[in-house]
Amino acid sequence: MNPQASLIFIISLLLGTTITISSNHWIAAWAGLEINTLAILPLISKSHHPRAIEAATKYFLTQAAASALVLFSSMTNAWCTGQWDITQLTNPTSCLILTSAIAMKLGLVPFHFWFPEVLQGAPLITGLLLSTLMKLPPIALLYMTSPSLNPTLLTTLAILSTALGGWMGLNQTQIRKILAFSSISHLGWMAIIIVYNPKLTLLNFYLYAMMTATIFLALNTTKVLKLSTLMTAWTKTPPLSAMLLLALLSLAGLPPLTGFLPKWLIIQELTKQDMAPAATLISLLSLLSLFFYLRLAYCTAITLPPHTTNHMKQWRTNKPTSIMIAILATMTVMLLPISPMILTLV
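Encoded structure:
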């Protein structure tokens, strides 16, 4: 793709995200979501492969339906209350429709079917944008409307998302699909706590975006898309494979690493809210996704393929993203000891 065109699309993405997260009026928020959708479509379909075109079409149809529901919800609320302010969403029907619309935009169960297919058809860097930046505006809308939302509905969606995100990722061999189901599972953790402690949802999202960026950039450096090629990729950059192993374990939420922090805080908050059964259930369901993270980690650095590889070992990469991967990987692995400072910032 032409660099000037790429720059315009990236700036449009940032513009749409900024408009949505900084707006008070529903129409401005809707306009930001539409700018985002239109800017990401060329980035998904830039390879002109039929799979990419199919992914872009699915993404467009889903996001258009979700945006229509956002408009319908805000208009219903304005009709009943005379308010277009995002924080004044008080009509129960509007809250229900908005929750469905945001779940569709994010890819929460039962509106999750589009997300693995779109991520599989998109390039790795576009997949990174879809998993992180494109999730920020809907989560910001959830954050702003959180006092009005239905806790029972969100808890149900969250537990279903964690269950299906873990269960459907078990049998996958394509890494982008595995990361898509991982994203659905993490969104379940964010959705269950949004009503009780919205700041924890934002913290979870920031840490998830950081860990996912580490993994996507590492995979993009080694040009790995399938489990079978992941097994042979360790000879290209052995240090990067070791860091990818730790990043995957961090994304799984294992204790010495950064990924444990949001899970620990969410379980603690749910227990305070007398939701110990929900906390137990979502913790047990996250063991499903732990299995495929361990499978990825095993293929990355622990197992050797049955056939030899002809790659020369590269102990130094000249990619401009190397410094970015180094910074992100360090933060992905080592932020847990400074969690009190992170909590004071949040």
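Take the sequence shown: its position 71, counting from 1, is numbered 71 in full-length UniProt numbering, and each next residue is one higher. A virtual CB, placed ideally from N, CA and C, is assigned to each residue, including glycine. Computed from a predicted model, the values in this text were never measured in an experiment.
Asked	Found
Using 8 Å as the Cβ pair cut-off and three pairs as the minimum, do the region 321-332 and the region 263-283 touch?	no
Please report how far the alpha carbon of MET331 lies from the alpha carbon of THR173, in whole angstroms.	28 Å
So what does DSSP say about GLN88, is it helix, strand or coil?	helix
Please go through the same chain and pick out, in chain order, the residues whose beta-carbon is closer than 6 Å to the beta-carbon of SER161, but skip the five residues on each side of it.	LEU108, VAL109, ILE184, LEU187, GLY188
If you reduce the DSSP assignment to three classes, tell me which class GLN174 lands in.	strand
Flag this pair as yes or no: are the beta carbons of ILE102 and ASN24 separated by less than 7 Å?	no
Would you mind sorting PRO239 into buried or exposed? The rule is 16 or more other CB atoms within 10 Å of its CB.	exposed
Buried or exposed for ALA5, please, with buried defined as at least 16 other CB atoms from any protein chain shown within 10 angstroms of its CB.	exposed
Classify residue 348: buried if its beta carbon has 16 or more other beta carbons within 10 angstroms, exposed otherwise.	An answer regarding residue 348 cannot be provided, because it is not within the stretch 1 to 346 covered by the chain.
Tell me the rounded alpha-carbon separation between PHE260 and PHE291.	16 Å
Among LEU296, GLN273, LEU270, which has the Cα closest to the Cα of THR229?	LEU296
Does the separation of the CB atoms of LEU200 and ILE192 fall below 7 Å?	no
Spatial neighbours of ILE178 within its chain, please: CB distance less than 6 Å, with the 5 preceding and 5 following residues excluded, ordered by chain position.	GLY169, GLN172, PHE292
I need the boundaries of the alpha helix (DSSP H) containing GLY166, first residue and last residue.	151-168
THR132 and ILE44 look like a contact to me (Cβ under 8 Å); what is the Cβ gap, rounded to whole Å?	About 15 Å separates the two Cβ atoms, so there is no contact after all.
At 4 residues or longer, and completely inside the region 249-298: list those alpha helix (DSSP H) runs for me, N to C.	260-272, 276-297
Would ILE215 pass as a contact of ALA247 if the rule is Cβ separation under 7 Å?	yes
Quick one: is MET211 buried, meaning 16 or more other Cβ sit within 10 Å of its Cβ, or exposed?	buried
When the Cβ atoms of the region 139-147 are set against those of the region 59-66, are three or more pairs found closer than 8 Å?	no
Are the CB atoms of THR237 and SER250 within a distance shorter than 7 Å?	no
Terminal residues of the continuous alpha helix (DSSP H) containing GLN83?	Premise fails: GLN83 is in no alpha helix (DSSP H) and is neither H nor E.
Classify GLN268: buried if its beta carbon has 16 or more other beta carbons within 10 angstroms, exposed otherwise.	exposed
Anyone know if the C-beta pair for LEU164 and VAL195 falls short of 7 Å?	no
From HIS112 to SER339, what distance separates their C-alpha atoms?	32 Å
Taking one C-beta from the region 15-33 and one from the region 71-85 each time, how about it: are there three or more such pairs within less than 8 Å?	yes
Comparing alpha-carbon positions, which option in ASN220, ALA31, TRP264 lies nearest residue 349?	The shown model of the chain, from 1 to 346, leaves out residue 349, and the question about it has no answer.
Determine, using beta carbons only, whether ILE327 and ALA218 come nearer to each other than 7 Å.	no
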